[in-house]
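Trainee: Quick mapping for you: the protein sequence lines, in order, are chains A and B. Residues 17 to 260 in this note's numbering are what the first sequence lists, from first letter to last. Residues 234 to 420 in this note's numbering are what the second sequence lists, from first letter to last. Virtual Cβ for every residue (Gly too), placed ideally from N, Cα, C.
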Amino acid sequence: MRSEDDLELNAYIDGELSPDQQAELLESMRSDPELARHASELGQLKAQLRLAYADPPKPQRQGVAKVGASWRAIAASFLLLGLGLVSGWVLHANAPGLGIQGDRFVVLDPAGRGQAPAITEEGETRIVFHLTNPDQTLAGELLDDVESMLAAYESDGRPLRIEVVGHSEGLSLLRERLSQHKERIHQLAGQYTNLTFVACQNTINRLKVERGIEVKLVPDAEVIDSGVSHVVKRQKEGWSYIRV
Amino acid sequence: MTDSNSSLFGKFGRQRKLREQICAERERLYRIAWSWCHDSHLADDLVQETQARALAKINSLREESRLQVWLTQILANLYRDQFRRVQPETGLEAELLAASGGPEDATDRSQLIARTREAIERLKDDQRQVLTLVDIAEFSYADTAAILSVPVGTVMSRLSRARQRMREILEQQGIGRADVVPLRRPR
């Protein structure tokens with residue numbers, strides 16, 4: 017078979033021929049069984065390939081599906097969070113986040129109502145952000161919001177402590193190689209002693225075991241054993257909890 | 234609400250929509266990535282990195298209708314630059330064997346799937362990419378050319394050679410014209 021014919025047959029089964037070209041080719045096939053057989057083989061191969069890749073094996077990895085599924089909700093809640101801080105409106109998010117009510121920062125409950133953040137007996141506001149999302153744009157917005165809040169509390173002289181826990185996919189914010197906000201983290205951590213970045217050791221171990229990755233963290237990150245137990249502990253201690 | 238506020242909403246609304254679309258492309262991207270590397274962890278990494286990069290430079294997407302091409306372009310660039318070299322030698326065979334399901338499950342269908350994947354595996358990288366983009370991801374020649382940054386003519390010649398080679402390999406394996414296995418239409 018001539019190579020032009022072969023290219024044309026391929027284009028035919030891929031739906032790349034114009035109607036006129038198709039008509040012409042179908043006409044040739046009628047008088048050339050070899051051509052017709054070749055076309056049908058190509059078509060069969062195409063179908064066979066689709067079948068072979070219709071259901072590729074999924075990685076056996078904890079938590080991946082969960083992150084994927086909740087991503088949309090997280091993205092939506094964060095978007096609202098960003099909007100609220102920019103515009104100063106009361107927020108009506110359908111997922112927990114941070115908002116502004118009047119001139120006060122509030123933590124949103126699942127119904128979107130603003131609640132004053134938890135305050136300890138010593139009068140200190142404490143918030144732990146649990147970052148599990150790999151989206152660094154969202155992480156950047158988180159840092160914006162954290163900085164606004166830190167600045168506002170500092171100027172009012174109100175005590176505040178914030179922790180950002182990088183866990184699962186969210187660890188990428190704190191990884192030397194992946195973080196797009198290294199300088200920002202360094203600057204914030206240097207400026208605010210009441211802000212802590214915390215990395216999950218379990219996630220680091222898992223990356224090493226499952227993917228052979230030696231995680232190097234940004235210099236300002238502290239390490240705790242387990243991100244999950246840490247945020248649970250913080251909630252028991254009365255911190256406000258925001259999942260990002 | 235002032236004009237500036239509504240434009241703020243407009244901008245964020247578009248971004249939110251795009252983000253949701255990017256997330257929704259996950260399965261499709263994974264299928265392409267896996268067909269290139271036949272390693273589920275690597276494919277998963279590729280997809281995550283692709284989505285992260287896409288989200289980070291979401292504003293550089295000019296035409297929203299080109300989202301799939303744009304995402305697959307990012308995936309192809311990542312694959313070329315970072316992942317092709319570190320592809321582990323071992324993961325592959327294990328996963329291909331797993332696909333055939335062992336002797337108890339040696340149905341025609343699972344054998345056909347395993348042998349097709351093996352044949353794909355034996356193609357040259359550039360032929361495999363073109364073939365999978367056209368047949369599995371169902372991109373047009375023009376989109377495939379854009380994704381791989383090659384001329385359309387190159388796509389056509391690679392495709393033709395790839396299919397020729399596939400038929401040779403499959404015939405060597407014994408899936409020839411004589412024993413055609415009925416195909417169920419994939420999703």
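Thinking just about the alpha-carbon of each residue, which of A:Leu124, A:Val180, A:Ile135 is nearest to the one in Gly156 (chain A)?
Mentor: If we check each option's Cα against that of Gly156 (chain A), A:Val180 comes out closest.
Trainee: By Cβ distance, which residues of its chain are closer than 7 Å to Tyr287 (chain B), with the 5 residues on each side in sequence left out?
Mentor: The amino acid occupying residue 287 (chain B) in the given sequence is Ala; Tyr does not appear at that position. Closer than 7 Å at the Cβ level, and outside the excluded window around Ala287 (chain B), lie Ile255, Leu304, Ile307.
Trainee: Going along the chain, which residues of its own chain have a beta-carbon closer than 6 Å to the beta-carbon of Phe121 (chain A), five neighbours each way excluded?
Mentor: Correct list, in chain order: Met165.
Trainee: Is there a Cβ of chain B sitting closer than 7 Å to that of Tyr69 (chain A), yes or no?
Mentor: For Tyr69 (chain A), the answer is yes, since a Cβ of chain B falls inside 7 Å of its Cβ.
Trainee: Check this for me: beta carbons of Leu194 (chain A) and Val234 (chain A), under 7 Å apart or not?
Mentor: Going by C-beta atoms, Leu194 (chain A) is not nearer than 7 Å to Val234 (chain A).
Trainee: Taking Ser382 (chain B) as part of the beta strand (DSSP E), name the residues at either end of that continuous run.
Mentor: That residue, Ser382 (chain B), is in no beta strand (DSSP E); it is neither H nor E in DSSP.
Trainee: Determine the direct distance from the alpha carbon of Lys357 (chain B) to that of Val280 (chain B), and round the result to whole angstroms.
Mentor: Going by the C-alpha atoms only, they are around 22 Å apart.
Trainee: Take the Cβ of Ser245 (chain A) as the centre, count every other Cβ of all protein chains shown within 10 Å, and call the residue buried at 16 or more, exposed below.
Mentor: Ser245 (chain A) is exposed by the Cβ-count criterion.
Trainee: Rounded to the nearest angstrom, what separates Gly31 (chain A) and Gln37 (chain A) at their Cα positions?
Mentor: Using only the alpha carbons, I get a separation of about 11 Å.
Trainee: Kindly indicate if chain A contains any beta-carbon less than 7 Å away from that of Ile380 (chain B).
Mentor: False, the Cβ-Cβ gap to chain A never drops below 7 Å.
Trainee: Distance cutoff 7 Å, beta carbons only. Does Arg227 (chain A) sit that close to anything in chain B?
Mentor: Interface residue, yes.
Trainee: From A:Glu57, A:Asp172, A:Ser47, A:Tyr208, pick the residue whose C-alpha is nearest to that of Arg400 (chain B); which is it?
Mentor: Checking every option, the nearest Cα to that of Arg400 (chain B) belongs to A:Glu57.
Trainee: List, from N- to C-terminal side, the beta strand (DSSP E) runs of 3 residues or more that fit wholly inside the stretch 161 to 234 of chain A.
Mentor: Qualifying beta strand (DSSP E) stretches, in chain order: 176 to 182, 211 to 216.
Trainee: If we call anything under 7 Å between Cβ atoms a contact, is Glu238 (chain A) one with Val214 (chain A)?
Mentor: In this structure, Val214 (chain A) lies closer than 7 Å to Glu238 (chain A) by Cβ.
Trainee: With DSSP as the reference, label Gly243 (chain A) as helix, strand or coil.
Mentor: Gly243 (chain A) falls in the helix class under three-state DSSP.
Trainee: Rounded to a whole number of angstroms, what is the C-alpha to C-alpha distance between Lys62 (chain A) and Gln397 (chain B)?
Mentor: Looking at the two C-alpha atoms, the distance is approximately 12 Å.
Trainee: Between Asp236 (chain A) and the rest of its own chain, which residues show a CB-CB distance below 7 Å, the 5 nearest in sequence each way excluded?
Mentor: Once the five neighbours on either side are set aside, the close Cβ partners of Asp236 (chain A) are Ile201, His202, Ala205, Phe213.
Trainee: Taking C-beta to C-beta, are Ile220 (chain A) and Ile178 (chain A) nearer than 7 Å?
Mentor: No, these two residues do not count as a Cβ contact at 7 Å.
Trainee: For a contact defined as C-beta to C-beta under 7 Å, what are the partners of Ala289 (chain B) on chain A?
Mentor: Within 7 Å Cβ-Cβ: Gln152, Thr153, Gln196.
Trainee: Scan the stretch 348 to 374 of chain B for residues whose Cβ lies nearer than 8 Å to a Cβ of chain A and list them as they occur along the chain.
Mentor: Within the stretch 348 to 374 of chain B, the residues whose Cβ lies closer than 8 Å to some Cβ of chain A are Thr349, Arg350, Ile353, Leu364, Thr365, Val367, Asp368, Ile369, Ser373, Tyr374, listed in chain order.
Trainee: Let's see if you can read the secondary structure: which residues bound the beta strand (DSSP E) around Tyr257 (chain A)?
Mentor: 256 to 259 is the span of the beta strand (DSSP E), which, as asked, contains Tyr257 (chain A).
Trainee: Which bits of chain A does Ser268 (chain B) rub up against, with CB to CB less than 9 Å?
Mentor: The contacting residues are Leu65, Ala68, Tyr69, Pro72.
Trainee: According to DSSP, is Glu238 (chain A) part of a helix, a strand, or is it coil?
Mentor: If DSSP states are grouped into helix, strand and coil, Glu238 (chain A) belongs with the strands.
Trainee: Please go through the same chain and pick out, in chain order, the residues whose beta-carbon is closer than 8 Å to the beta-carbon of Pro175 (chain A), but skip the five residues on each side of it.
Mentor: Around Pro175 (chain A): Glu138, Gly139, Glu140, Thr141, Tyr169, Asn210.
Trainee: What does the alpha-carbon distance come out to for the pair Arg355 (chain B) and Arg348 (chain B)?
Mentor: Roughly 11 Å separates the two Cα atoms.
Trainee: Per DSSP, what kind of secondary structure is Asp71 (chain A) in: helix, strand or coil?
Mentor: Note: Asp71 (chain A) maps to coil in three-state DSSP.
Trainee: Rounded to the nearest angstrom, what separates Tyr208 (chain A) and Lys249 (chain A) at their Cα positions?
Mentor: Answer to the nearest angstrom: the Cα atoms are 23 Å apart.
Trainee: Report the residues of the stretch 33 to 57 of chain A with a CB closer than 9 Å to any CB of chain B, ordered along the chain.
Mentor: Answer in chain order: Arg53, Glu57.
Trainee: Can you pull the chain B residues whose beta carbon is under 7 Å from the beta carbon of Asp22 (chain A), in chain order?
Mentor: By Cβ distance, chain B contributes Ser393.
Trainee: List, in order along the chain, the chain B residues whose C-beta lies closer than 7 Å to that of Leu61 (chain A)?
Mentor: The answer, in chain order, is Arg396, Met399, Arg400.
Trainee: Hey, His197 (chain A) and Leu223 (chain A) are a contact pair by Cβ (cut 8 Å); roughly how many whole angstroms apart?
Mentor: Their Cβ separation, rounded to whole angstroms, is 19 Å, which puts His197 (chain A) and Leu223 (chain A) out of contact at 8 Å.
Trainee: Reducing DSSP to helix, strand and coil, say where Gly115 (chain A) ends up.
Mentor: Correct three-state label for Gly115 (chain A): strand.
Trainee: In terms of residue numbering, what span does the alpha helix (DSSP H) encompassing Arg342 (chain B) cover?
Mentor: Here the alpha helix (DSSP H) through Arg342 (chain B) covers 341 to 354.
Trainee: So, under 8 Å CB-CB, Arg350 (chain B) and His271 (chain B) are touching, yes? Tell me the CB distance rounded to an integer number of Å.
Mentor: Indeed, because the Cβ distance is near 7 Å, the residues count as touching under 8 Å.
Trainee: List, in chain order, every chain B residue whose beta-carbon is nearer than 9 Å to that of Asp161 (chain A).
Mentor: Going along chain B, no residue has its Cβ under 9 Å from Asp161 (chain A), so there is no contact; the nearest lies around 15 Å.
Trainee: What is the rounded straight-line gap between the Cα of Glu297 (chain B) and the Cα of Asn310 (chain B)?
Mentor: Their backbone Cα atoms lie some 20 Å apart in a straight line.
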